[in-house]
Amino acid sequence: MCGRFVRKGESKKVAEALGVQDGEENWTESYNVAPGSTVPIVRDDPTGRHMAPAVWGFTSSGRGPLFNARAETVDSLPSFRDHLRVNRCLVPASGFYEWRPSDRQPFYFERVDGLPLAFAGIWKRVGDHLEATVITTTPNRDMSAIHDRMPVILSSDRWSNWLNPDPLSSAESQSLLCPSPDGTLTRWPVSRAVGSIRNDTQGLIERVEPQPTAQELFPMSS
DNA sequence: CCAGACGTTGTT
DNA sequence: GTCTGG
DNA sequence: CCAGACGTTGTT
DNA sequence: GTCTGG
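Going by this note's numbering, the first residue of the first sequence is number 1, and it counts up by one from there.
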């Protein structure tokens, strides 16, 4: 999954890297972006490529916003499939966090090449605002030791194909919704302080020694 | 027409 | 809310 | 996603 | 445990 991420850097540079021609004022820095917050998304239309604000997560009648959609089902589920066809977007990020289930140790992931990440997303209009969700897939080798899902990260050569405003068949979409190649990402353990969204500082992405687990501190004798 | 399900994640 | 199933 | 709260009544 | 808030 992808449930917390980072957005840093100068908006002008990010806009340039993404090929965005306007809307870059919607880029705001945060080291702790959570579902429900407003995030900049990137869309193409006949006039060009634009950055716009959207609430992260599709509101649902059940509990909690749908802030991820599975690549395996996004083309068939009623909540997502029509938006996949015509409302595709990028959700730009600098990196993202994942928690290792075994010990709740958080890790920060970013691209090895330091470029901005572009998550594959879909969006919808709800009243006077937009909502967006990030598509997830199976983990590549960079991720699999930490988590069993990862966000779909599109390389820049695929952005135009994904953002093409014309309807895309689900077969075409599915061909883009795959794990990024092994070696795309790097990672390191970070402070558990990232868990609380009250914390939002550069220190959240600094490497820490993983906190020993209770079992390591107090091993059970066999 | 109404009834009932609807999404992801993690956990064990 | 909106979609599917019956 | 994680953290943190989680209830009602009446009264002031 | 389950829900809300951020």
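Just so you know, even glycine gets a beta-carbon here, dropped at the ideal spot from N, CA and C.
Please read all numbers here as calculations on a predicted model, not as lab measurements.
Bridge pairing for K124: E131 [DSSP]. For I205, the closest C-alpha among the options S173, W188 and R81 is that of W188. A residue is called buried once 16 or more other Cβ atoms fall within 10 Å of its Cβ, and P167, having fewer, is exposed. Rounded to the nearest angstrom, the gap between the Cα atoms of V126 and D142 is 36 Å. In this structure the region 15 to 24 does not lie against the region 176 to 193, because fewer than three pairs of beta carbons, one per stretch, are closer than 8 Å. By the neighbour-count definition (other C-beta atoms within 10 Å, threshold 16), N32 is a buried residue. V152 places its beta carbon 9 Å or farther from that of T133. F96 sits close to V6, with the two beta carbons spaced by under 9 Å.
When secondary structure is reduced to three states using DSSP, D22 falls in the strand class.
Following the DSSP letters along the chain, one finds V86 inside the alpha helix (DSSP H) bounded by residues R81 to V86. As DSSP reads the structure, Y97 sits in a beta bridge with Y108. Residues of the same chain with a CB within less than 8 Å of the CB of D200, apart from the 5 flanking positions on each side, are S30, Y31 and N32 in chain order. Separation of the CB atoms of L90 and W159 is rounded to 6 Å, and the pair is thereby assigned contact status at 8 Å. In the DSSP secondary-structure assignment, C89 is bridged to G121.
At the C-beta level, P106 and R100 come within 9 Å of one another.
Listed in chain order, the beta strand (DSSP E) runs fully inside the region 150 to 211 are 185 to 189, counting runs of at least 3 residues.
Distance from the CA of K13 to the CA of L66, rounded to the nearest whole angstrom, comes to 30 Å.
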